[in-house]
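Structure first, commentary second.
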Amino acid sequence: MRGDKPVVNQQLSYDVSGTQKGHWVTRLTGMTKILVLLSLSIIGMVSYDTWYLVALTIFAITFYQSAHLRWHQVRGLLYAIAAFTALNLVLVYVFNPAYGSQIYGTSHVLVGHGFFVLTWEELFYLLNMLLKYVFIVPLILAFLFTTNPSELASGMNRIGFSYKISYAVELSLRYIPDVIRDFKQISLAQQARGLEMSRKAGMGKRLKRSTQILIPLVFSSMDKIEVTTRAMKLRRFGTNKHRTWYMTQKLAKIDYLILIVTVVLIMIGIGLFWVDGGRFYNPFR
851 MRGDKPVVNQ
861 QLSYDVSGTQ
871 KGHWVTRLTG
881 MTKILVLLSL
891 SIIGMVSYDT
901 WYLVALTIFA
911 ITFYQSAHLR
921 WHQVRGLLYA
931 IAAFTALNLV
941 LVYVFNPAYG
951 SQIYGTSHVL
961 VGHGFFVLTW
971 EELFYLLNML
981 LKYVFIVPLI
991 LAFLFTTNPS
1001 ELASGMNRIG
1011 FSYKISYAVE
1021 LSLRYIPDVI
1031 RDFKQISLAQ
1041 QARGLEMSRK
1051 AGMGKRLKRS
1061 TQILIPLVFS
1071 SMDKIEVTTR
1081 AMKLRRFGTN
1091 KHRTWYMTQK
1101 LAKIDYLILI
1111 VTVVLIMIGI
1121 GLFWVDGGRF
1131 YNPFR
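Residues in the sequence shown are numbered consecutively from 851, following the numbering used here.
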């Protein structure tokens, strides 16, 4: 109509995970993210140098913050990981409260006596274990929510994984949202038939009734797997030794920069093995 102003489409560009594009983490290639995650995870799990783990944690938090993830995207995973971490730390102490003293060679009692004595050495060891979880979780979350599954498969193939394995990982990640959606649909269908699964029912009843959803969910997932398998066979998937990838990307300057920083962190971690005389930093000496 005359006098109307044209409407400009200002739709933002998002990747497949729902993260807004433009941040430097989302511009990294899948190969770079895989190499960063695997290499830092290995050196971080091996090392028990507290200051080095703090440095890795700072890098991981910076990496995570740059992804600009929304709280509702990671809330469920963070709650589950926090619960698992707390349970793991408690079990480590319960099964061997003196393990910290065995590692560091001294015993400074903080509280208690007998088998369940709590020492500063044990607390320091548990702190190092906590730092391992704190540093690895942000990396995993940023990796999962900013990486296209096809780009991930391409990156895995470029660093040496078989393209069949890479494709299997890609399909697994792509089917996770489908499984979650099917679970919700089956749950709603069961509730429409009178099966109470809301908070009105007790926790035990909800858990028991949730298991009744697993059987139709498994059959539904197996049917999708069968359809996908037949489609791949009809397209002669796996016939050739190599394949090309639609999502392959060339390394940019930001990729080289992050890879250099990763190599420097790894070299520092390896060098600390000689400085500390082993994997453990011992402040009690």
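Cβ atoms here follow ideal geometry from the backbone N, Cα and C, with glycine treated the same way. Computed from a prediction, not measured in an experiment: that's the story for all the values here.
Top-ranked residue by Cα proximity to residue i, from the options
| i | options | result |
| --- | --- | --- |
| residue 910 | 1090, 949 and 1115 | 1115 |
| residue 1028 | 1072, 988, 989 and 991 | 1072 |
| residue 1062 | 1019, 1000 and 1040 | 1040 |
| residue 1067 | 1026, 917 and 918 | 1026 |
| residue 1030 | 1011, 991 and 1070 | 1070 |
| residue 998 | 984, 1022, 965 and 1091 | 1022 |
| residue 1132 | 887, 978 and 1099 | 978 |
| residue 894 | 1125, 1112 and 992 | 1112 |
| residue 973 | 900, 1042, 919 and 1129 | 900 |
| residue 903 | 1108, 983 and 1127 | 983 |
| residue 966 | 941, 883, 874 and 987 | 941 |
| residue 1020 | 1089, 1004 and 1042 | 1004 |
| residue 1128 | 874, 896 and 918 | 896 |
| residue 1130 | 918, 945, 975 and 1024 | 975 |
| residue 1024 | 1125, 918 and 1000 | 1000 |
| residue 905 | 1126, 1110, 981 and 918 | 981 |
C-alpha distance - residue i paired with residue j, whole-angstrom precision
| i | j | result |
| --- | --- | --- |
| residue 907 | residue 933 | 19 Å |
| residue 951 | residue 1016 | 44 Å |
| residue 892 | residue 925 | 26 Å |
| residue 898 | residue 1081 | 48 Å |
| residue 957 | residue 1134 | 9 Å |
| residue 879 | residue 1084 | 31 Å |
| residue 995 | residue 1101 | 20 Å |
| residue 1008 | residue 1087 | 19 Å |
| residue 916 | residue 971 | 35 Å |
| residue 1118 | residue 1011 | 27 Å |
| residue 927 | residue 1064 | 21 Å |
| residue 1078 | residue 1018 | 11 Å |
| residue 963 | residue 1123 | 34 Å |
| residue 948 | residue 954 | 10 Å |
| residue 1098 | residue 939 | 41 Å |
| residue 876 | residue 890 | 19 Å |
| residue 989 | residue 913 | 7 Å |
| residue 985 | residue 885 | 16 Å |
| residue 1042 | residue 1034 | 12 Å |
| residue 923 | residue 987 | 14 Å |
| residue 1107 | residue 1089 | 37 Å |
| residue 920 | residue 931 | 17 Å |
| residue 1093 | residue 1032 | 32 Å |
| residue 1104 | residue 961 | 50 Å |
| residue 944 | residue 873 | 44 Å |
| residue 1044 | residue 1037 | 11 Å |
| residue 1110 | residue 1125 | 22 Å |
| residue 881 | residue 946 | 40 Å |
Where residue i falls: helix, strand or coil (DSSP)
| i | result |
| --- | --- |
| residue 859 | Interpretation of residue 859 is limited by its pLDDT of 36, a score under 50 that renders its predicted location unreliable; no figure is taken from the coordinates. |
| residue 1156 | Beyond the ends of the chain as shown, which are 851 and 1135, falls residue 1156; an answer cannot be given. |
| residue 879 | coil |
| residue 1089 | coil |
| residue 968 | strand |
| residue 997 | coil |
| residue 1119 | helix |
| residue 1018 | helix |
| residue 1012 | coil |
| residue 907 | helix |
| residue 1005 | helix |
| residue 938 | helix |
| residue 929 | helix |
| residue 973 | helix |
| residue 867 | Bear in mind that a pLDDT of 39 at residue 867, under 50, signals an unreliable position, so the number given afterwards is only what the model happens to contain. Residue state, collapsed to three classes: coil. |
| residue 1094 | coil |
Classification of residue i by the beta-carbon crowding that lies within 10 angstroms, buried from 16 upward
| i | result |
| --- | --- |
| residue 1121 | exposed |
| residue 1076 | exposed |
| residue 1006 | buried |
| residue 1096 | exposed |
| residue 929 | exposed |
| residue 1014 | exposed |
| residue 936 | exposed |
| residue 1002 | buried |
| residue 993 | buried |
| residue 883 | buried |
| residue 969 | buried |
| residue 991 | buried |
Beta-ladder partner(s) of residue i, from DSSP
| i | result |
| --- | --- |
| residue 898 | 1130 |
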